[in-house]
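According to the numbering used here, the first sequence is numbered sequentially starting from 12.
Glycine included, each C-beta is placed from N, C-alpha and C at the ideal position.
From a predicted model like this one, the values you see are computed outputs, not experimental measurements.
Read the structure below first, then the notes.
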Amino acid sequence: MPEPLATRYDPAQAEPRVLEKWLAATALYHPEPEGEARENFSIAVPPPNVTGALHMGHALNGSVQDTLIRFHRMQGKRTKWILGTDHAGIATQTQVERRLAQEGTSRAELGRERFVERVWEWREQYGSTIIEQFKRLGATLDYAEERFTLDPAYARAVLKVFVELHERGWIYRDHYMVNWDPGTRSAISELEVEEREVEDVLYSVDYPLAAGQGAITVATVRPETMLGDSAIAVHPDDDRYSRLVGETAILPLVGRRLKIIADPYVRPEFGTGALKITPAHDPNDFEIGRSHGLEEILVIGEDGRMTHRAGDYEGMQALEARAAIVGALDEQGLIVAREAYRHSVPHSHRSGERIEPLISLQWFMRMDELAAPAAEAVRDGRVRIHPESQRRRYDRWLAQIRPWCISRQLWWGHQIPVWYRGKNEVHVGEEAPRGSGWERDPDVLDTWFSSALWPFATLGWPEDTPALRAFYPTSVLSTAGEILFLWVARMVMMGLHFAGEVPFDQVYIHSVVQAPDGRRMSKSLGTGIDPLDLIDGGDRPPVFGGDGSRPPGAFPAYGADAVRFGMLAMSSTQDVRFAEDKVAQGSALANKLWNASRYVLLGAAGTAGEAGGRNARPDPTPHTVEDRWILSRLERAKASTAQAIEAFEFHRAALGLYDFVYGELCDWYLEWVKGREDAAGMLLHVLGETLAVAHPVIPFVTEAIWEHLPGAEGLLAMSRWPAPAPDRIDVAAEAAGERAIGAVSAVRSWREEVGAKPGTRLPAVLEAGGYGEVRDAVARRAQLEFAAPGTAAAGNGRMEPLAAIAVPGGTIHILPTDAVDLAAAEHRLAEERTRVENEIVRAEGKLANEGFVTKAPAPVVQAERDKLARLREELESL
RNA sequence: GGGCGCGUAGCUCAGCGGGAGAGCGCUCGCCUCACACGCGAGAGGUCGCUGGUUCGAAACCAGCCGCGCCCACCA
């Protein structure tokens, strides 16, 4: 350890230095592509958006993945964490367009080619930010190989997949109802749509009947779409209207004749029970229209303005048209009712604008054939999804899958590999067609189309590369639940179909981290927390915590270990609130470990010749029962940590480490060992293994300590996880340790109440079984001076003890001394008696219960009997 | 409208059939030779409500009340 020794661990100082060492060791994170995928361990990182910045979700997921990667690396596996970024079509294009607007220009002005160049420049400038931030977290991604979803090799894979699916007839072009996002001026998939509650007006409008008097009244919240009406529908069983089915109504303002048809979709009880049918602008009407062969009249265009089919209203924004139409209808007295109507309406997840459903010529992909094997792969366990609840979501979605609209009216992305010449010639291929006059389809593919190939396209597919053989299928995919369908399910489909195997053996869906008050973390709400502010210190969000109890100002520089620990400790099988406490707990753990190590390395190991020589983790040679106790406890900590990580129970891994380091290693073992001459080897062993076990969770501090272990070579990150040593489990030693801890705690509690000064040693007699080897340990930690047994035996009389303290297995008698407040001691003793008496009553009651004795399992009954016997003895000695 | 889940100490959460736990906060005492971002000792809980199952329920079942999330094309 460097001199002078810092008594406080300072992550801000240590972490950058340790990181540099890791990054310099290419072999740490960049494996040679050797061996078989199933003997190696690999994770493909969910590719962040090129221009994105690290947020809380990344911090959690990065911690999870790096913990898995480090753990398996230390298990001796060849380990690869595939790194890369996503071009993120709409998101990136929108950002750059905003920038262009600031510069007073636009993408239209630049033209496609210049615009795409600008995006590439943008990416050069901002693309690596998030990768640097991942490094700061300590994430050992394969920085030597960075992929991008628009790399030439990746693009080839995308085009190949498109062409092949097209050949199969699964990709096709069609006029079909799409979710049109007027904000981004593009079709989007249903997964990019979110429902929002909206206050609308429900208008009831009279459509006059063509024959004779009267009208049929329909209800609508979007009067402007009436210009595209091509029928009116009623329920077939609706007696009110049965005589009108087959008749004709006249569309107001337009004069078009609308047939009145019967369709079971219509709900008679809603509104007037008559529904206007606008096949081009409503998904339901579209279905009805197709089944009745109705005309599809597009009155709202992709620019959000009324088309020439809207007659007088052509060129108006849809909402302007609505106002105009309502006005016109009012003039004719055709609006017979209007009522406030609250309902949920689809909005674009991207632009936030209200979706305009319309019929459009787009590319689609049918999913049925791919969905079935993807469902099967999960059903038969080739892909295991954690937690279980997410698996049910996956199943349900695949069971009702629909065609996927894969074309986007954007410029940034994989341009669709289809060329047209004249009216009738179409060429679909990875290469442009020969000859002149061909024009390429201007649309690009949905970003998720290319993301779906991520686990194998990053490894060189379609070539049969060594990397593909070594790391595909990947071992684990860890991601957010919101992209289970958008991304995960589609990777399974594409992986099975094109790479011939599932893309990953296990899927872990991590929690969503909410703001401390339970709201979404978001910039606009002021509830977002930047993980880097937690690591290096920085601004707390203006809105932090709902109860106002959190301090304002800035976060201290907790360090990456603390943030990792905190994220893991918070993680759960469901969404969680951000709790700064957990991060602080992580930093406390790092500091604790640092200081425990200082003690071991400066004190014990420095002086004793026994210390491990060239081996940083010497085999332990236990001398005492405490030694055997800590070895046993360490063994259990090792096993439960490994188990927790493998079971994706990260909170157990993190908090379990904390409990071991605090509650066993530091609070008890280090204290017991103080003053011993022969413990250096033990201490080094225990420290060495503890560092290794904790390393996947808190890699920085453990690596920083490792640097100072005598005999430590290379990086802890590249060393082996300590092999399981089940023979070190020692139940007897554990029982002895537990007794000792119980006794010391009982005495301390008693001392506190009778006002015995902490520094004073009290004369005492230990009358309890099973303390043979831990007698001295108890005396030391409880500040007692044990006299020979029998000194205060009951009835002995010569030295009447002034107090008796119940401890596991017996009693400790305190001999007369003036260091104790006698009255307090008397009081305490009385309290103690009452407590024991009450417990005896409870136990007796239970054992007197016929039902309990006959029906409860024998061991439980026996345990109760033993307990009663113990309590009676205890009362006796008090 | 369907599905999933949650309501345990002031706060954030663990426990998920044998007499309630952690971290933080709070109170008291300690500069004990690794750590005062520390150590020790405490206070604090009809485990949402009501019924049921059971010898025994915070845990299992049902209903109710409150709160989330996901899915869903009803004008």
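Under 7 Å, do Asn72 and His521 count as touching if we go by C-beta distance? yes
What residue ranges within the stretch 439-523 form continuous alpha helix (DSSP H) runs of no fewer than 4 residues, ordered along the chain? 458-462, 465-468, 477-482 and 501-505
Let's test the definition: count the other Cβ atoms within 10 Å of the Cβ of His66 and tell me whether it reaches 16, buried, or not, exposed. With 16 or more Cβ atoms within 10 Å of its Cβ, His66 is classed as buried.
In chain order, what residues of the same chain have a beta carbon less than 8 Å from the beta carbon of Ala650, not counting five sequence neighbours either side? Pro735
So the alpha helix (DSSP H) Ala893 belongs to, where does it begin and stop? Outside the modelled stretch of the chain, which goes from 12 to 889, sits residue 893, for which no answer is possible.
Pairwise C-alpha distance: His662 and Gly808: Any reading at Gly808 must be qualified, since the residue scores a pLDDT of 49, below 50, and its modelled position is unreliable; no value is offered.
Could you give the C-beta distance for Arg839 and Val776, rounded to a whole number, given that I count them as a contact under 8 Å? Wrong, their Cβ atoms sit about 18 Å apart, outside the cutoff.
Among Thr635, Ala746 and Val789, the one whose alpha carbon lies nearest that of Ala754: Val789
Is the separation between the beta-carbon of Ala565 and that of Ile546 shorter than 7 Å? no
With which residues is Pro27 paired in a DSSP beta bridge? Note: Pro27 sits in no beta bridge, so no partner.
Tell me Lys287's beta-bridge partners as DSSP assigns them. Ile243
Are Phe589 and Val523 closer than 7 Å when you measure CB to CB? Using a Cβ distance threshold of 7 Å, Phe589 and Val523 do not count as a contacting pair.
Helix, strand or coil for Ser888, going by three-state DSSP, please let me know. Secondary structure of Ser888 (DSSP, three-state): helix.
So Pro234 packs on Arg333, CB below 8 Å; how close in whole Å? 6 Å
Report yes or no: do the stretch 508-519 and the stretch 530-539 share at least 3 C-beta pairs separated by less than 8 Å? no
Are Ser362 and Gly194 close, meaning C-beta to C-beta below 7 Å? yes
Sorted by chain position, which residues of the same chain lie with C-beta nearer than 6 Å to Pro398's C-beta, five sequence neighbours on each side aside? Thr584
Quick check: Ala226 and Tyr218, are their CB atoms within less than 7 Å of each other? yes
Tell me which residue opens and which closes the alpha helix (DSSP H) that Lys649 is part of. Val636 to Glu657
So Pro414 and Phe375 are supposed to be a Cβ contact under 8 Å. How far apart are they, rounded? 5 Å
For Val636 and Lys857, what's the separation of their Cα atoms in angstroms? 36 Å
With DSSP as the reference, label Trp33 as helix, strand or coil. helix
Going by alpha carbons, who is nearest to Leu720 out of Glu796, Val697 and Asp528? Val697
Check whether Ile11 and Ala329 have beta carbons under 7 Å apart: With the chain running from 12 to 889 in the structure shown, residue 11 is simply not present.
Taking 6 Å as the cut-off, does the CB of Val256 come closer than this to any heavy atom belonging to the ligand COA? This structure lacks the ligand COA; in fact it carries no ligand of any kind.
Taking all protein chains shown into account, decide if Gly559 is buried (16 or more other Cβ within 10 angstroms of its Cβ) or exposed. Low local confidence applies: a pLDDT of 42 at Gly559 is under 50, so the model's placement there is unreliable, with the coordinate-based value given in what follows. It is exposed - the Cβ of Gly559 has fewer than 16 other Cβ atoms within 10 Å.
Can you tell which of Arg254, Ala746 and Pro812 has its C-alpha closest to the C-alpha of Leu773? Pro812
Own chain, CB closer than 8 Å to Arg353, minus 5 neighbours either side, in chain order: Excluding sequence positions up to five before and after Arg353, its CB lies within less than 8 Å of the CB of Glu208, Val209, Glu210 and Asp211, all in the same chain and listed in chain order.
Can you tell me which of the three DSSP states Asn435 falls into? coil
Which class does Asn190 belong to by DSSP, given the choice of helix, strand or coil? strand
Under a Cβ-count criterion, where at least 16 other Cβ atoms within 10 Å of its own Cβ denotes burial, should Gly725 be classed as buried or exposed? Note on Gly725: under 16 other CB atoms within 10 angstroms of its CB, so exposed under the neighbour-count rule.
Measure how close the beta-carbons of Arg750 and Gly820 come, nearest whole angstrom, since I'm counting them as under 8 Å. 6 Å
To which residues does DSSP link Tyr218 through a beta bridge? Beta-bridge partners assigned by DSSP to Tyr218: Ile227.
Here's a check: name, in chain order, each residue in its chain whose Cβ is nearer than 7 Å to the Cβ of Arg759, leaving out the five neighbours to either side. Ala793
Beta-bridge pairing of Tyr183 - partner residues as DSSP gives them: Answer is Phe375.
Those residues which DSSP pairs with Trp430 across a bridge: His438 and Arg451
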